[in-house]
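Trainee: Below is a structure I'd like to ask you about.
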Amino acid sequence: VEAAGLTMEHVVYTQVYLADLANLPALDRIWAGYFAKNPPARATLGVARMPVSTPVEVTAVAIRDLAAKRSIDGAVVTGDRIFLGGIQGRGADAAAQVEDALARAEGVLRKAGASLAHLVFVNPYLTASMPMEIMNRVYARRFEFGYTPARATIRVASLPQGASFELTGVAVRDLRDRRVVRPKNMPLSPTASPCVFAADTLYCSAKSAFIPGPNSGIYASTVEHQVRQTMRNLLDGLEEAGLDFSHVVATNVYLDTIDEFPKMNATYSTYFGSAPPTRTTVQPLTSAERKQDDRSRWPM
């Protein structure tokens, strides 16, 4: 941030990945030294592995103008955006926890003069104890069909306080700055829009490795081909918005095993020129055994 002429106070949104959440108290102590006042919104996630076996990785978003920055219940409001830190829910069962988290998010947004409809991008993070179908069912009820935020739903190894569900996200303050972009080969979804504009910034949902089409699409077995299919799916959204890979400024890559980082990277790098986007790469979970099913589909 100093190289960009800014300070740590300009940081408004962060994701922290830890290999062991037992190190969270140590992280918090050091974090407070860098963000003594007006800290950024933050989500803290326990993941299985990261490149070069680092125990911690941090990704951040900073703004240039501090004049409009203010904090509201762990969120950060800027001139045109609202950044939500990690919000967990409480409840007797999985559905109640998701409902409570969404209600808490809505409450924070309301204090900022917005609503869930203002969200342009959401990261729902789930542990193994949160059924995906329950989360999706509760989540879909809170958004207008076909106009949901872009979304990257990631299963992680662990969450703080032993939670099974956490969400973080970005919202616009003015709904006129929000516009959904949907390629023609992607059907309407009750849970995620392919891409959503926040003024001049396009947020795209996570894409996995398959080519959409009849009979559930076309799948590939190797990580190199899966990267190519994933990038093809992302390009559909970019092109629908009149953009291409040269416009991309930040990416997140989630791998089944970090051992395949070199193979992924060799293919990934062919899509960008001399000024590639910033990137975070993590292995969220313990590696799974990958086998195709009777319809030649490989696990995501």
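Throughout the sequence shown, residue numbering follows my numbering, covering 24 to 323 in sequence. Built from N, CA and C at the ideal position, the CB exists for glycine as well.
#1: Can you tell me the Cα-Cα spacing of Gly69 and Ala124, whole angstroms?
#2: Can you tell me whether Gln120 is helix, strand or coil according to DSSP?
#3: Closest by CA to Ala132, which one among Arg199, Glu262, Tyr162, Ala98?
#4: Out of curiosity, what's the CA-to-CA distance linking Thr150 and Ser310?
#5: How should Met155 be labelled, buried or exposed, when 16 other C-beta atoms within 10 angstroms of its C-beta is the threshold for buried?
#6: If you draw a straight line from the alpha carbon of Ser138 to that of Glu129, how long is it in whole angstroms?
#7: Going by DSSP, name the residue or residues bridged to Phe220.
#8: Determine the extent of the alpha helix (DSSP H) in which Gly56 is found, giving its start and end residues.
#9: Are the stretch 293-312 and the stretch 251-271 touching by the rule of at least three beta carbon pairs closer than 8 Å?
#10: How big is the Cα-Cα spacing for Arg93 and Pro147?
#11: Look up Gln111 in the DSSP assignment and say whether it is helix, strand or coil.
#12: Could you give the distance in angstroms between the alpha-carbon of Arg196 and the alpha-carbon of Arg313?
#13: So, for Arg113: in the same chain, excluding its five sequence neighbours on each side, which residues have a beta-carbon less than 7 Å away from its beta-carbon?
#14: For Arg160, which option in Ala117, Ser152, Tyr170 has the closest C-alpha, if you only look at C-alpha atoms?
#15: Can you tell me where the beta strand (DSSP E) with Tyr15 in it begins and where it stops?
#16: Quick check on this structure: which residue in Gly169, Gly260, Lys60 has the alpha carbon closest to the alpha carbon of Pro235?
#17: What does a CB cutoff of less than 6 Å around Ala135 pick up in its chain, not counting 5 residues either side in sequence?
#18: Can you tell me whether Leu211 is buried or exposed, with buried defined as 16 or more other CB within 10 angstroms of its CB?
Mentor: With the given structure in hand:
#1: 19 Å
#2: helix
#3: Ala is not the amino acid found at residue 132; the sequence shown has Leu there. Cα-wise, what sits closest to Leu132 is Ala98.
#4: 15 Å
#5: exposed
#6: 6 Å
#7: Arg202, Leu225
#8: 47-57
#9: yes
#10: 24 Å
#11: strand
#12: 42 Å
#13: Gln120, Asp123
#14: Ala117
#15: Nothing about residue 15 can be read from this structure; the chain reaches only from 24 to 323.
#16: Gly260
#17: Ile95, Val100, Ile105
#18: exposed
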